[in-house]
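What follows is a set of notes on a single structure, which appears directly below.
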Amino acid sequence: MLARCVGQTIFSINFMANLGSNRAQALKMVRMNVLADALNTIQAAERGGKRQVMIRPNSKVTCRFLSVMMKHGYIGEFEIVDDHRNGKIVVNLTGRLNMCGVISPRFDICLRDLERWTNNLLPSRQFGCLVLTTSGGILDHEEARRRHLGGKILGVVSLAPTLTYF
């Protein structure tokens, strides 16, 4: 009887150990799209009322996308922290971001179709921008129109409208 109890105990310990390793594997996040993960992290922190958010891992596309967002005032400044691994980005949030996300798959957009895409994806002309990857770099849709460049659409960013009463 003692051997049987010991055997059951060993079985239950092994079962719990396997269950714990499966939980650890389930908690690991598989990063299929680094830009999508970064924008989801920013949007979740913005909805939660945070002032700063840390994004991991760092990529050139993410940094350039954030530069476009910072240029238009959707986010504050951001700092790239090099930890000799994948790197981190610390973003200061302004509290004015309404929506940001990637467009997947990355559709090709020629210059004449740019107006149709902006009408379909943005809430208004004055409250958002499309971010494109072009031969001239990662640009917003207005800069791409000024430079007469088409490209692939990366994502969309929309600003929360501020109401002013006169």
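In the numbering used here, the protein residues as written are 8 to 173. We treat Cβ as the ideally placed atom computed from N, Cα and C, and that holds for glycine.
| query | result |
| --- | --- |
| Please check the pair D148 and L137, which I expect to be a contact at CB under 8 Å, by giving their CB distance rounded to whole angstroms. | Note that residue 148 is His in the sequence shown, not Asp. Sure, about 4 Å apart at Cβ, within 8 Å. |
| Could you tell me which residues DSSP pairs with M106 in its beta bridges? | S165 |
| So, does the stretch 108 to 119 touch the stretch 81 to 97, judging by three or more C-beta pairs under 8 Å? | no |
| Looking at the strands, I want to know which residues DSSP matches up with E86. | V97 |
| I'd like the ranges of any beta strand (DSSP E) spanning at least 3 consecutive residues and lying wholly in the stretch 126 to 163. | 135 to 141 and 144 to 147 |
| Kindly indicate which residue of V41, N65 and V60 has the alpha-carbon position closest to the one of G102. | V60 |
| Going along the chain, which residues of its own chain have a beta-carbon closer than 7 Å to the beta-carbon of L34, five neighbours each way excluded? | Legend: pLDDT at L34 = 49, less than 50; position of this residue unreliable, no value from coordinates given. |
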